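Just below is one structure, and these are the notes that go with it.
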Amino acid sequence: MIAYENGEESSGYPYYTSILTGPKVVYRLTLIDHENATEDLKQMVEHICEVFRSPIGCIYIAEESLIEWIIKLQPTLRNVWIKKNVIISVETLDRILKNLKVTGCFHLDSIAVDENFQYTEPIPFRFIAINNAYWVSSSSILNGNNSIIRLSGSKLAPKDINTMLKEWQMGTKLRKLEFLEVRISTPLDIETFAAAFKDLDGTLSDGNDGRPNTVKMREDFIFTLPPANKVLNLTRTDGMIGSLFATSQVYGHERHTYIRTYFQVWSHQP
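Sequential numbering of the sequence shown, starting at 1, is according to UniProt numbering.
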């Protein structure tokens, strides 16, 4: 791991630290933050990759200049995290989505583009986790081949979620979907959100029907699902089961209710 920090104090830079993560040890090389820190970081990464003949596994992008650099250096990566407001134009967003190949997780914080902007093309990564996901349209999800989708601050409407679930059950869309989580950014009452469940062909369950309570999102990340008293199970023609449930939280002085939707795909094990 290579990073530069302006909040750390050390008697000398660069310096190494080691981080124990389960059975593995991660070594972190910290460079001093200064006006040319990004260029130092690029040179150090290129040198290490050349010496050890090893590709970059993961990258945290905190500056826009790193985008073009990584696209040219190594467009295929396991995990990518892009920090808040690094992306300030639709053109940059489009270039990332069309030129990077992410085999693990693509995590994107807020982007600084028009709040009326809607991205309608598929996002071509297996696992996407997007904060302030107002720009991700239902068409982008429906026409994609994502396995894991986590959207926070989404503007998807209950009827959009309803359409996705119907298409999944018919087998016409979202064939590779394993898990969907959507936190809608606008406050909703329970009656309005009920449109997400409208005319779905499913059976109610108390959750004790063999459904796993975890989802493996990456090799090193297993997500534990929140408890659910009632779950709507949809069954696809190939026998796969999609379990739909939601949680709600009340925020603010006006006590608005915000709803988070979960859809987990699984099958009964022999």
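In this text, a Cβ means the ideal position worked out from N, Cα and C, and glycines have one as well. This one's a predicted model, so the numbers in the text were calculated from it and none came from an experiment.
Item: Proximal residues to Ala-62 (C-beta, below 6 Å), its chain only, five neighbours per side dropped; Value: Lys-83
Item: Contacting residues, own chain, Cβ-Cβ under 6 Å from Leu-108 (five flanking each side not counted); Value: Ile-82, Ile-130
Item: Option in Gly-104, Ser-110, Asp-206, Leu-234 with minimal Cα separation from Asp-220; Value: Gly-104
Item: Short Cβ contact (7 Å threshold) for His-256 with Pro-212; Value: no
Item: 8 Å contact criterion, which Gly-171 and Thr-237 should meet: CB distance rounded; Value: 6 Å
Item: Contacting residues, own chain, Cβ-Cβ under 6 Å from Gln-169 (five flanking each side not counted); Value: Leu-234, Arg-236
Item: Beta strand (DSSP E) segments (min. 3 residues) lying fully within the segment 162 to 188; Value: 179 to 184
Item: Beta-carbon spacing of Asn-143, Ala-196 below 7 Å; Value: no
Item: For Trp-266, three-class secondary structure by DSSP; Value: strand
Item: For Thr-38 and Glu-64, believed in contact at Cβ under 8 Å, the rounded distance; Value: About 10 Å; that fails the 8 Å criterion.
Item: 3 or more residues per run - each beta strand (DSSP E) lying fully within the segment 28 to 99; Value: 58 to 61, 79 to 82
Item: Identity of the residue in Tyr-60, Val-265, Phe-52 nearest Val-86 by Cα; Value: Tyr-60
Item: Rounded distance between the beta-carbons of Ser-243 and Leu-264, thought under 8 Å; Value: Looking at the sequence provided, one finds Gln at residue 264 rather than Leu. With 8 Å as the limit, Gln-264 and Ser-243 qualify as a contact, their Cβ atoms being about 5 Å apart.
Item: Extent of the continuous beta strand (DSSP E) run through Ser-205; Value: 202 to 205
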